[in-house]
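This report concerns only the one structure given below.
2 protein chains.
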Amino acid sequence: MPARRARGVSIEDVARAAGVSRQTVSNAINAPQRLRPETLDRVTELIREMGYSPDQSARSLRSGTRRIIAYTTPETDPANPNALMSGFLEALVAASGEVGYRILLVRPRPGQPQEKAIDEVIAGGGADAFLLSDVLDGDTRVEHLAAGGFPFAVFGRTGAGLPQSWVDLDSARAMADLVGLLAGRGHRHVGLLTMSLDQPWLRHRAEGFRAGVRGHGLTCVEATADDPESAVAAGRELLGGRPAPTALVVIDDWLAPAAYAAAQAEGLVVGADLAVAGFNDMPYAALLQPPLTTLRLPLRRIADALVGRLLTIIDDGVTPETGLLLPGEIVVRASLP
Amino acid sequence: MPARRARGVSIEDVARAAGVSRQTVSNAINAPQRLRPETLDRVTELIREMGYSPDQSARSLRSGTRRIIAYTTPETDPANPNALMSGFLEALVAASGEVGYRILLVRPRPGQPQEKAIDEVIAGGGADAFLLSDVLDGDTRVEHLAAGGFPFAVFGRTGAGLPQSWVDLDSARAMADLVGLLAGRGHRHVGLLTMSLDQPWLRHRAEGFRAGVRGHGLTCVEATADDPESAVAAGRELLGGRPAPTALVVIDDWLAPAAYAAAQAEGLVVGADLAVAGFNDMPYAALLQPPLTTLRLPLRRIADALVGRLLTIIDDGVTPETGLLLPGEIVVRASLP
DNA sequence: AACGTTCATTTGAACGTTCATATTGGCGGC
DNA sequence: GCCGCCAATATGAACGTTCAAATGAACGTT
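Protein chains in written order, with full-length UniProt numbering: chain A, 1 to 337; chain B, 1 to 337.
Here it is as structure tokens:
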């Protein structure tokens, strides 16, 4: 017995109270410039007084828009939740809220394919647009949405031949800048502690690292690890090589504690004997001892740009011709003196 | 010019194709037991084939329910995003998805009070229920929702005289258990590194710690710090006292790196000379060197219980008489050998 | 054989809004 | 004084669904 929500004041109630028609009340909200100032005042005052708020369902049913953006949460390994998600979602909610849109979280039910969940939302009119993030290599969500002609944008990048409705960090440049910072501090031989490059953004970072090394005339060594223990071992291997790197860049902040441990095991003091830099500015980066120099993503600006693009698509039907790369911000802390 | 969403297949289309009435198609979805099996088969097959999905707006408008739960995201300090939020939201989306509900993120616009944002959602019929978390002492959201008689539940606790529609970790017991673990490993004098107890859950943890210390006949010392640097100082103060504690509990994982640094500064090896335990099982707890023993919240079970309670309120109009405390899980890692 | 019961399905109305179009009133031009 | 025009507001219809009540068919009972 699904209890029905108590119905509140309707547009009709306000109209009667104000002695005007429904449409006039509707206009007071949606097209105030059409009303005579005194009428507008009277109506808006009554709207406020009576606590009227247009019924979203009725509005959507008639107008065909919902003012809702669906965000398909990336499927996260429960053991290692996507730590960026929290910050990005935060920024996304703020950015969309400012233009009157809300965020609906969409997730396939267990066993249901992603695309099915997307189709359900689209067919049911659950949202005006989709926002995707964490698009991996085999991910067909983008193709699917593009084929359906439904408005969407991507935090990340889309392949050639697909709508270029994406915004991303310029990871390569950010990483090259990080290497530039190292070069500026006198480092000539640097190490990169990386993980398997099965995610696009990791590849961009690695490429940026190598480009930075070449561009600044440095030399480098690399090692790969996909779990904390082997990361410590890989770090020690890098640091024990000859010549030994004087700076270590980890491709993601989560590798930083392992890098610190490797340094300690090799008798090196991070921030003095060895410079360490990370990537992502996870919340714990500032908590480590010494605090970690890392690259912060401009999450709020990314969210703003994504929402802006979505509005362009929704309102004007125009899909951006090119993606947008935004610069990161290097946060210098004691690990890289 | 807000572009209108293209309308898709409607219930009418399916009804015509199947040679039945609208209502029969509706029943196929909402009350399958009312249909003759063969009719049901024919209709569901056509529904699948034509890709029909009921329009959420129309459904909500008529039925007064939305199958949406509004989650008011706690206002987060951008510098230190609520790291739990990511995991909890993850669990919440999964839990609600399994019973056919989606999560709508609600956040006041800049300058708008929380309650105004809530009222807007309620009046506009944007959700069937509210879920709150991170309810701080001065927070009036609970009172507001209770006064309005709108379905809600709280991850956390509600005060006396308010609906007891909450689910929370039994923080006190969890912390006492953690102390019990220390006692079992032979520790007799333990330290607590805490922060200002301005949040209810921190008070519960501190009380649990003291109760555990009393209950196991231990002695303890405490110190308070609210930022990383003073946390290191506070940690050294604790460790430098005489008699020196052989185990250090930090009231939140974010203090753990500071505790590790303090130990190192005092010449102690964490996991050998000193045991350290944290609380929350933040993603980085497992990454620290040595990995941190900590208390993991049963986020999925909390989310399940919360969603269950919401459904009871929504469907049956029955508000639970008492809150629900769930046990945590101690994750033993190398920091507490 | 007439009659109530139950089951399966249909029908008309209603949910609250916005769209498209119609109506009203006032004002200037000639 | 009449006409046309524009601004301001009003009216009827429509969006797609579910509710409440009505219809019809099948069946067992007496």
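Glycine is no exception: its CB is placed at the ideal position from the N, C-alpha and C atoms.
In this text the structure is predicted, and so the values were computed from the model without any measurement.
Next item on the list: Taking B/ALA223 as the reference, give the member of B/PRO243, B/ALA146, B/LEU306 and B/SER196 with the closest Cα.
Entry: B/SER196
Check: According to DSSP, what are the bridge partners of B/ALA272?
Finding: Partner(s): none; B/ALA272 has no beta bridge.
Next item on the list: Name the residue from B/ALA231, B/GLU207, B/PRO245 and B/TYR52 whose alpha carbon lies nearest to the alpha carbon of B/VAL221.
Entry: B/PRO245
Margin query: Alpha carbons only, please: which of B/ARG188, B/VAL232 and B/LEU193 is nearest the one belonging to B/GLY215?
Written below: B/ARG188
Check: What does A/GLN56 touch in chain B if you count any residue whose Cβ is under 7 Å from its own?
Finding: GLY124, GLY125 and GLY126
Next item on the list: Tell me, to the nearest whole angstrom, how far the beta carbon of A/VAL43 is from that of A/ALA28; I am working on the premise that it is less than 8 Å.
Entry: 4 Å
Item checked: Range of the contiguous alpha helix (DSSP H) that encloses residue 338 of chain B -> Chain B is shown from 1 up to 337; residue 338 of chain B falls before or after that span and cannot be answered.
Next item on the list: Would you mind telling me which residues of chain B sit closer than 8 Å to residue 339 of chain A, beta carbon to beta carbon, in chain order?
Entry: The shown model of chain A, from 1 to 337, leaves out residue 339 of chain A, and the question about it has no answer.
Note to self: At the 8 Å Cβ level, is A/ILE103 part of the contact set with chain B, yes or no?
What the structure shows: yes
Next item on the list: Could you list which residues in chain A have their beta carbon closer than 9 Å to that of B/LEU292, in chain order?
Entry: Under the 9 Å cutoff, chain A gives no residues; its nearest Cβ is about 10 Å from B/LEU292.
Notebook entry, point to check: In chain order, what residues of the same chain have a beta carbon less than 6 Å from the beta carbon of B/MET1, not counting five sequence neighbours either side?
Noted result: Unreliable positioning characterises B/MET1 in this predicted model, as indicated by a pLDDT of 43, which lies under 50. The coordinate reading is nonetheless provided below. Within the same chain, B/MET1 has no close Cβ partners at all.
Check: Any C-beta of chain A sitting closer than 8 Å to the C-beta of B/ARG34?
Finding: no
Notebook entry, point to check: Just how far apart, CA to CA, sit A/ILE314 and A/ASP128?
Noted result: 7 Å
Checklist line | Spatial distance of B/PRO291 from B/LEU182 (CA atoms) | finding: 17 Å
Notebook entry, point to check: For A/GLY241, which of A/GLY161, A/GLU266, A/ARG34 and A/ARG109 has the nearest alpha-carbon?
Noted result: A/GLU266
Margin query: Using the Cβ count rule (16 or more neighbours within 10 Å means buried), how would you classify A/ASP137?
Written below: exposed
Check: Shortest alpha-carbon distance to A/GLU321 belongs to which of A/ASP273, A/THR158, A/GLY278 and A/PRO108?
Finding: A/THR158
Item checked: Assumed close pair B/LEU311, B/VAL99 - CB separation to whole angstroms, cut-off 8 Å -> 6 Å
Note to self: Quick check on residue 341 of chain B - is its C-beta less than 8 Å from some C-beta in chain A?
What the structure shows: Residue 341 of chain B falls outside the range modelled here, since chain B spans only 1 to 337, and no answer is possible.
Margin query: Against B/MET85, what residues of chain A qualify as contacts under a CB-to-CB distance less than 7 Å, listed in chain order?
Written below: SER86
Check: Rounded to the nearest angstrom, how far is the Cβ of B/GLN56 from that of A/GLY125, given a contact under 8 Å?
Finding: 6 Å
Check: So who's on the other strand from A/SER133, going by DSSP bridges?
Finding: A/PHE155
Next item on the list: For residue 355 of chain A, I'd like the list of residues in its chain whose CB is within less than 6 Å of its CB, leaving aside the five on either flank, ordered along the chain.
Entry: Since the first residue shown for chain A is 1 and the last is 337, residue 355 of chain A is missing from the structure and cannot be characterised.
Notebook entry, point to check: Using a Cβ-Cβ distance under 8 Å, would B/VAL106 count as near chain A?
Noted result: yes
Item checked: Inter-stretch contact at 8 Å, needing at least 3 Cβ pairs: the segment 225-235 of chain A / the segment 268-282 of chain A -> no
Next item on the list: Report back the beta-carbon spacing between B/TYR101 and B/ILE69 to the nearest angstrom; my notes put them in contact at under 8 Å.
Entry: 5 Å
Check: Of all the options B/ALA172, B/LEU178 and B/ASP198, which has the alpha carbon lying nearest to the alpha carbon of B/ALA206?
Finding: B/ALA172
Next item on the list: From the DSSP output, in three-state form, read off A/ARG102 for me.
Entry: strand
Next item on the list: Just tell me which of B/PRO151, B/GLY51, B/PHE150 and B/LEU248 has its CA closest to the CA of B/LEU178.
Entry: B/LEU248
Checklist line | 8 Å Cβ cutoff, B/THR319 in contact with chain A | finding: no
Margin query: Let me see if you follow: with CB-CB separation under 8 Å, is A/MET175 close to chain B or not?
Written below: no
Next item on the list: Return yes when the Cβ of B/ALA153 is within less than 8 Å of the Cβ of B/SER165, no when it is not.
Entry: yes
Item checked: Buried versus exposed, by CB contacts within 10 Å (16 or more), B/SER21 -> exposed
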